[in-house]
């Protein structure tokens with residue numbers, strides 16, 4: 001069974017440029033998460049989807065970050081415009097369903113470097 | 001945020017048991033305790049979770065204090081592949097809200 005797929009694995013951009021990350025969760029997983037991980041820190045939740053609905057986006061900086069999961073399957077996270085401080089690893093995770101403390105399966109992440 | 005406190009780093013000799021501690025003094029009755037680990041350049045992976053009773057699986061054991069204010073992840077025989085950052089996490093509410101701390105970086109010495 002394929003795990004959570006993320007692309008690209010690495011991205012280098014100039015500041016003020018836009019960037020997008022793509023995630024395909026494990027088949028059948030209704031819940032999808034985007035996390036941000038700074039160097040030496042644990043992941044921090046940006047947004048959580050239940051199917052196509054964003055049910056927790058309180059930590060998403062909405063002035064420059066946006067996300068979508070149009071058909072309740074794969075998802076895209078976008079930053080526009082990127083700032084130097086956005087350099088980090090962006091992790092996507094999925095789980096079967098909400099409300100049951102289910103295991104979260106993580107992808108390998110996208111490492112973003114903003115110059 | 002549901003806070004956990006872990007040592008920044010620990011060392012273990014290969015093939016010896018490892019006890020990774022975690023304090024979670026603000027835990028409430030419905031919070032689950034999860035452990036994940038993260039190998040270099042990979043996303044975190046599930047290790048074990050529990051609510052009140054001690055738990056065992058093929059990877060590790062989880063010992064939960066009677067008052068639930070602390071827990072210990074036990075790796076019975078550390079291998080070099082166990083070198084990773086181990087996160088102790090409380091899941092609250094519906095169970096999907098994970099708050100990672102900075103974790104414990106485990107070094108396994110050959």
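Chains as they are written, first to last, in the working numbering: chain A, 1 to 115; chain B, 1 to 110.
All residues carry an ideal CB built from backbone N, CA and C; glycine is no exception.
Could you tell me whether the Cβ atoms of residue i and residue j are closer together than 8 Å?
i              : j              : result
residue 104(B) : residue 8(B)   : yes
residue 11(A)  : residue 115(A) : no
residue 64(A)  : residue 43(A)  : no
residue 139(A) : residue 36(A)  : The first residue shown for chain A is 1 and the last is 115, placing residue 139(A) beyond what the model contains.
residue 88(A)  : residue 76(A)  : no
residue 33(B)  : residue 50(B)  : yes
Please name the residue, chosen from the options, that lies closest to residue i on a Cα-to-Cα basis.
i              : options                        : result
residue 107(B) : 91(B), 50(B) and 78(B)         : 78(B)
residue 62(B)  : 109(B), 40(B), 86(B) and 41(B) : 86(B)
residue 73(A)  : 17(A), 9(A), 13(A) and 33(A)   : 33(A)
residue 6(A)   : 19(A), 18(A) and 24(A)         : 24(A)
residue 80(B)  : 27(B), 69(B), 11(B) and 29(B)  : 11(B)
Which chain A residues sit within Cβ distance under 7 Å of residue i?
i             : result
residue 87(B) : 42
What does residue i touch in chain A if you count any residue whose Cβ is under 8 Å from its own?
i              : result
residue 101(B) : 42
If the cut is a Cβ gap below 8 Å, which residues of chain B does residue i touch?
i             : result
residue 91(A) : 43 and 44
Inset, instruction - Give, in chain order, every residue of the segment 31-64 of chain B whose Cβ lies closer than 9 Å to some Cβ of chain A. - result: 32, 34, 36, 38, 41, 42, 43, 44, 45, 46, 49 and 51
Inset, instruction - Go through the segment 1-31 of chain A residue by residue and report every complete run of the beta strand (DSSP E) that reaches 3 residues or more, in order. - result: 5-7, 10-13 and 19-24
Legend entry - Residues of the segment 2-14 of chain B with Cβ closer than 8 Å to any Cβ of chain A, in chain order: none
Inset, instruction - Output the residue ranges of the beta strand (DSSP E) runs that lie fully inside the segment 33-90 of chain A and measure 3 residues or longer, sorted by chain position. - result: 44-50, 53-56, 65-68 and 75-79
Legend entry - Against chain B: residues of the segment 33-61 of chain A by CB proximity under 9 Å: Only 33, 35, 37, 40, 41, 42, 43, 44, 45, 48, 50, 55 and 56 from the segment 33-61 of chain A bring a Cβ to less than 9 Å from some Cβ of chain B.
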